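*Asks:* Here the protein sequences come in this chain order: A and B. Going by this note's numbering, the letters in the first sequence line up with residues 1 to 204, in that order. Going by this note's numbering, the letters in the second sequence line up with residues 1001 to 1348, in that order.
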Amino acid sequence: MTNELDCRGLECPAPVLHVRDALAKEASNDISVLVDNEAARQNVSRFLEHQSYQVQSDGEGELFRVVGRRGVGTQVTATASPPPVAEQSVAGSKKIMVLITGVYLGHGDDALGDMLMFNFIKTLKEMGPDLWRVVFVNSGVSFTSEGSEAVPFLQELAGNGVQIVACGACLAYFHILDKMQVGEVTNMLEIVTGMQQADSVVTI
Amino acid sequence: MITETIKLSQTVKGAGCAAKLAPGILDKALCGLDLPVDPNLLIGLEHADDAGVYRVSDDLALVQTVDFFPPMVDDPFSFGQIAAANALSDVYAMGGVPKTAMNIVAFPAKTMDISILRTIIEGGLSKMREAGVVLVGGHTVEDSELKYGLAVTGYIHPDRILTKKKLQNGDRLILTKPLGTGIIATAIKARLADQALTDMVTKAMATLNRDAALIMDDFTVHACTDITGFGFLGHLAEMVVDSGHGVRITASDVPMYPEALEWAAMGLIPAGAYNNRSFRGAFVDFAPDVPREVQDLLFDPQTSGGLLIAVAAGEAKLLVIALKAKGIDCAAIVGEVVAEPVDRIVVE
Chain A
1 MTNELDCRGL
11 ECPAPVLHVR
21 DALAKEASND
31 ISVLVDNEAA
41 RQNVSRFLEH
51 QSYQVQSDGE
61 GELFRVVGRR
71 GVGTQVTATA
81 SPPPVAEQSV
91 AGSKKIMVLI
101 TGVYLGHGDD
111 ALGDMLMFNF
121 IKTLKEMGPD
131 LWRVVFVNSG
141 VSFTSEGSEA
151 VPFLQELAGN
161 GVQIVACGAC
171 LAYFHILDKM
181 QVGEVTNMLE
191 IVTGMQQADS
201 VVTI
Chain B
1001 MITETIKLSQ
1011 TVKGAGCAAK
1021 LAPGILDKAL
1031 CGLDLPVDPN
1041 LLIGLEHADD
1051 AGVYRVSDDL
1061 ALVQTVDFFP
1071 PMVDDPFSFG
1081 QIAAANALSD
1091 VYAMGGVPKT
1101 AMNIVAFPAK
1111 TMDISILRTI
1121 IEGGLSKMRE
1131 AGVVLVGGHT
1141 VEDSELKYGL
1151 AVTGYIHPDR
1161 ILTKKKLQNG
1171 DRLILTKPLG
1181 TGIIATAIKA
1191 RLADQALTDM
1201 VTKAMATLNR
1211 DAALIMDDFT
1221 VHACTDITGF
1231 GFLGHLAEMV
1241 VDSGHGVRIT
1251 ASDVPMYPEA
1261 LEWAAMGLIP
1271 AGAYNNRSFR
1281 GAFVDFAPDV
1291 PREVQDLLFD
1301 PQTSGGLLIA
1311 VAAGEAKLLV
1321 IALKAKGIDC
1331 AAIVGEVVAE
1341 PVDRIVVE
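#1: Quick one: complete alpha helix (DSSP H) runs, 4+ long, within the segment 1214-1259 of chain B?
#2: Would you mind working out which of B:1217, B:1271 and B:1298 sits nearest residue 1284 (chain B), comparing C-alpha positions?
#3: Based on DSSP bridge pairs, tell me the residues matched to residue 1102 (chain B).
#4: Is residue 211 (chain A) close to chain B? Criterion is C-beta to C-beta, closer than 9 Å.
#5: From residue 1163 (chain B) to residue 1243 (chain B), what distance separates their C-alpha atoms?
#6: Distance cutoff 9 Å, beta carbons only. Does residue 1007 (chain B) sit that close to anything in chain A?
#7: Roughly how many whole angstroms lie between the Cα atoms of residue 164 (chain A) and residue 113 (chain A)?
#8: Checking 9 Å against the spacing of the C-beta atoms, do residue 1342 (chain B) and residue 1245 (chain B) come in under that value?
#9: Quick check on residue 50 (chain A): buried or exposed, where buried means 16 or more other Cβ atoms within 10 Å of its Cβ?
#10: Chain B partners of residue 167 (chain A), CB-CB under 7 Å?
#11: Identify the continuous alpha helix (DSSP H) that holds residue 1054 (chain B) and give its terminal residues.
#12: Quick check on this structure: which residue in B:1027, B:1209 and B:1126 has the alpha carbon closest to the alpha carbon of residue 1135 (chain B)?
#13: If we cut at 9 Å on Cβ distances, does residue 199 (chain A) have a partner in chain B?
#14: In chain order, which beta strand (DSSP E) runs of at least 3 residues are fully inside the segment 1258-1289 of chain B?
#15: Buried or exposed: where does residue 1304 (chain B) fall if 16 or more other Cβ atoms within 10 Å of its Cβ makes it buried?
#16: Could you tell me if residue 78 (chain A) is buried or exposed, where buried requires 16 or more neighbouring beta carbons within 10 angstroms of its beta carbon?
#17: Would you say residue 1098 (chain B) and residue 1146 (chain B) are within 9 Å of each other, going by their C-beta atoms?
#18: Please confirm if residue 1147 (chain B) has its CB atom under 9 Å from at least one CB of chain A.
#19: Determine whether the Cβ of residue 1013 (chain B) lies closer than 9 Å to any Cβ atom of chain A.
#20: Three Cβ pairs or more, each shorter than 8 Å: is that satisfied between the segment 96-115 of chain A and the segment 195-204 of chain A?
#21: Taking the DSSP output, what are the residues bridged to residue 68 (chain A)?
#22: In this structure, how does DSSP classify residue 144 (chain A) when only helix, strand and coil are distinguished?
#23: Among the residues of its own chain, which have a CB less than 6 Å from the CB of residue 151 (chain A), if the five just before and after it don't count?
#24: Would you identify the three-state DSSP class for residue 79 (chain A), choosing helix, strand or coil?
#25: Measure the Cβ-Cβ separation of residue 1313 (chain B) and residue 1172 (chain B) and say whether it is below 9 Å.
#26: Terminal residues of the continuous alpha helix (DSSP H) containing residue 267 (chain A)?
#27: Give the residues from the segment 1253-1270 of chain B that approach chain A closer than 7 Å (Cβ to any Cβ), ordered along the chain.
#28: For a cutoff of 9 Å on Cβ pairs, would you count residue 1113 (chain B) as touching chain A?
#29: For my contact list, residue 1154 (chain B) and residue 1096 (chain B) are in at a C-beta cut-off of 8 Å; report their separation, rounded to the angstrom.
#30: Listed in chain order, which residues of the segment 101-114 of chain A have Cβ atoms closer than 7 Å to some Cβ of chain B?
#31: Should residue 1178 (chain B) and residue 1204 (chain B) be called a contact, given that it needs their Cβ atoms to be closer than 9 Å?
#32: For the segment 1290-1311 of chain B, which residues have a CB atom closer than 9 Å to at least one CB atom of chain A, in sequence order?
#33: Compare the beta carbon distance of residue 37 (chain A) and residue 1271 (chain B) with 9 Å and say whether it is the shorter of the two.
#34: Quick check on the DSSP output: the beta strand (DSSP E) that includes residue 1067 (chain B) runs from which residue to which?
#35: Which residue wins for smallest C-alpha separation from residue 1328 (chain B), given the options B:1344, B:1337, B:1301 and B:1307?
#36: For residue 139 (chain A), I'd like the list of residues in its chain whose CB is within less than 6 Å of its CB, leaving aside the five on either flank, ordered along the chain.
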């Protein structure tokens, strides 16, 4: 099955990283990537060639398609793939639970804390398969609800198999129980037992 | 509780000199402009050199330049140092001595703590001090993306201006810093660069071209430029085009970061490198055995890159020895000026 990726609207190095992450998740032999600029077309082509794909690309102006294919006949061994991808595609060896207890990251300046928290959520995926569950409590539950810019990033995490859960009592307290757009509702028992199951808990 | 420090390079689109407007586009804005004429303007816009030069008297001219860009590293102090070293470099490349500087700042005050700006300026000041330059003022605007740099003024003798032109047959070309900082900045943004490499490249970018400039002053140097956003071949093309000479580059002699070669093969190449190739690629002939990633590095936009010096053939080895003796370890002869093919660069 061809792995289709849409990397339009992304500037380098983001398209290459998207392709890398997609291949780390599922090492398909056929991949098709849409990009909207020449640098991304060339960079994605170079990356796929580096991963032993036969690469073709077409398009012009602001829409290009890069198609990579590697068949049974081509040599694809674990040692042939380059270290950066190989290291990151190792299955999660740890279970990390991230507990987000508010809307700001750190104390000092709330505008800065707001930006940092958004960046933190956006960057969580870099934990790779080690990231097991993200739990939102108190005002942190707002990230899972309508109007939060974090929603698409959490949806991406959920799509990668990360459990996204928010405290039901907290959602109710802030009257946003019906506005939840990503993840599942949880309770204190599940949060507490989750802390026991996890290899490490990061509290923010 | 985790204390997350802000990663400057993550907050901007383009990094360092890779953020430079594509060269072909800038030409469209500038060509055919009605420029004021003054006989004392020795180097102006129409010569497109590293810096402008204005004659004050028979033995004194002002050399002026401005450079600013978004951060390519995460640490504010280092960013300030690199931006300052990069801005000062144009004065050194002309053979001048920088004297005064003004800060140019665009700062996202709504999303960034003002202490970050203070640290950036402290970094810039540390380089100004090292260069013997005084800060005379500056200008700050609020912007969605952080940018920092300097407008620099220096002294130069009107008869001792080092332009990009005036290459002579047989001249050897010497490069004083390794290539690959644009690709490494992209890898830093992609969080693939480890701390040791980041530190090493940061130090190289923050290194003033002052020592190299002081040393070359004792040699018969015919032309000089500094390698920044247009990449090694882009800046070399500015030297070669309309010079009446050609240049032969030995790719294996050009100092490069090995990690940048690896990342180039992986496709972590800034858009600026492709722009540089499409703008200047037509002047370059690559031998078939020059690997693609080496070609990529030769077009890679550099932030605060080294000097590219055209020196009389007989003095080239001595100049390299003198540079190395001063700690400029990677200085190397990378090519020579030849009679044929005229106005072309051959990379072997």
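Even glycine gets a Cβ: it sits at the ideal position worked out from N, Cα and C. The structure displayed is predicted, hence computed values, not measured ones.
*Replies:* According to the structure shown:
#1: 1231-1240
#2: In the second sequence, the residue the question calls residue 1284 (chain B) occupies position 284. By alpha-carbon distance to residue 1284 (chain B), the top candidate from B:1217, B:1271 and B:1298 is B:1298.
#3: As a working mapping, residue 1102 (chain B) is identified with position 102 in the second sequence. Answer is B:1137 and B:1151, bridged to residue 1102 (chain B).
#4: Summary: the structure shown does not reach residue 211 (chain A), with chain A confined to residues 1 through 204, and so no result is reported for it.
#5: The count along the second sequence starts at 1 and reaches residue 1163 (chain B) at position 163. The count along the second sequence starts at 1 and reaches residue 1243 (chain B) at position 243. Rounded to the nearest angstrom, the two C-alpha atoms are 12 Å apart.
#6: Taking the first residue of the second sequence as position 1, residue 1007 (chain B) is located at position 7. It does: the Cβ of residue 1007 (chain B) has a partner Cβ on chain A nearer than 9 Å.
#7: Along the first sequence, read from residue 1 onward, the residue named residue 164 (chain A) stands at position 164. Along the first sequence, read from residue 1 onward, the residue named residue 113 (chain A) stands at position 113. In this structure, the CA atom of residue 164 (chain A) is about 22 Å from the CA atom of residue 113 (chain A).
#8: Position 342 of the second sequence, counting from 1, holds the residue named residue 1342 (chain B). Position 245 of the second sequence, counting from 1, holds the residue named residue 1245 (chain B). Against a cut-off of 9 Å, the Cβ pair of residue 1245 (chain B) and residue 1342 (chain B) comes out as a contact.
#9: Reading the first sequence from its first residue, position 50 is the one you call residue 50 (chain A). If you draw a 10 Å sphere on the C-beta of residue 50 (chain A), you find 16 or more other C-beta atoms in it, and that means buried.
#10: By 1-based counting over the first sequence, the position of residue 167 (chain A) is 167. Near residue 167 (chain A) there are no residues of chain B at all, since even the closest Cβ is about 19 Å away, more than 7 Å.
#11: Locating residue 1054 (chain B) in the second sequence gives position 54, counting from the first residue. Taken as a continuous stretch (DSSP letters only), residue 1054 (chain B) belongs to no alpha helix (DSSP H), being part of the beta strand (DSSP E) at 1052-1057.
#12: Translated into the one-based positions of the second sequence, residue 1135 (chain B) becomes position 135. Residue 1135 (chain B) has its Cα closest to that of B:1126, out of B:1027, B:1209 and B:1126.
#13: What you label residue 199 (chain A) is simply residue 199 of the first sequence in a count that begins at 1. So no, residue 199 (chain A) is outside the interface.
#14: 1284-1286
#15: One-based indexing of the second sequence puts residue 1304 (chain B) at position 304. By the neighbour-count rule (16 or more Cβ atoms within 10 Å), residue 1304 (chain B) is buried.
#16: Residue mapping note: residue 78 (chain A) aligns to position 78 of the first sequence, counting from 1. A caution first: residue 78 (chain A) carries a pLDDT of 37, below 50, which makes its placement in the model too unreliable to give a value.
#17: Here residue 1098 (chain B) is taken as the residue at index 98 of the second sequence, counted from 1. Here residue 1146 (chain B) is taken as the residue at index 146 of the second sequence, counted from 1. Not closer than 9 Å, so no.
#18: Sequence index remark: in the second sequence, residue 1147 (chain B) carries index 147 (1-based). Closer than 9 Å: no.
#19: The residue you call residue 1013 (chain B) lines up with position 13 of the second sequence. Answer yes: the Cβ-Cβ gap between residue 1013 (chain B) and chain A drops below 9 Å somewhere.
#20: yes
#21: The residue you call residue 68 (chain A) lines up with position 68 of the first sequence. The partner list for residue 68 (chain A) (beta bridge, DSSP) reads A:31 and A:55.
#22: Along the first sequence, read from residue 1 onward, the residue named residue 144 (chain A) stands at position 144. Residue state, collapsed to three classes: helix.
#23: Counting from 1 along the first sequence, the entry for residue 151 (chain A) is found at position 151. Result list for residue 151 (chain A): 181 and 182, in chain order.
#24: Numbered from 1 along the first sequence, position 79 holds the residue referred to as residue 79 (chain A). With a pLDDT of 35 at residue 79 (chain A), under the threshold of 50, the modelled position of this residue cannot be trusted; read the value that follows with caution. Three-state result, residue 79 (chain A): coil.
#25: The count along the second sequence starts at 1 and reaches residue 1313 (chain B) at position 313. The count along the second sequence starts at 1 and reaches residue 1172 (chain B) at position 172. It is a contact, given that the beta carbons lie within the stated cut-off.
#26: This structure cannot speak to residue 267 (chain A), because chain A is shown only from 1 to 204.
#27: 1265, 1266, 1267, 1268, 1269 and 1270
#28: Within the second sequence, the letter at position 113 stands for residue 1113 (chain B). Closer than 9 Å: yes.
#29: Numbered from 1 along the second sequence, position 154 holds the residue referred to as residue 1154 (chain B). Numbered from 1 along the second sequence, position 96 holds the residue referred to as residue 1096 (chain B). Confirmed, about 4 Å.
#30: 105, 106, 109, 111 and 112
#31: Taking the second sequence and counting its residues from 1, one reaches residue 1178 (chain B) at position 178. Taking the second sequence and counting its residues from 1, one reaches residue 1204 (chain B) at position 204. Less than 9 Å separates the beta-carbon of residue 1178 (chain B) from that of residue 1204 (chain B).
#32: 1292, 1293 and 1296
#33: Here residue 37 (chain A) is taken as the residue at index 37 of the first sequence, counted from 1. Here residue 1271 (chain B) is taken as the residue at index 271 of the second sequence, counted from 1. For residue 37 (chain A) and residue 1271 (chain B), yes; Cβs fall inside 9 Å.
#34: As a first step, residue 1067 (chain B) is located in the second sequence; it is residue number 67 there, counting from the start. Where residue 1067 (chain B) is concerned, the enclosing beta strand (DSSP E) stretches over 1060-1069.
#35: Residue mapping note: residue 1328 (chain B) aligns to position 328 of the second sequence, counting from 1. Answer by Cα proximity: B:1307.
#36: In the first sequence, the residue the question calls residue 139 (chain A) occupies position 139. Here the set comprises 102 and 103.
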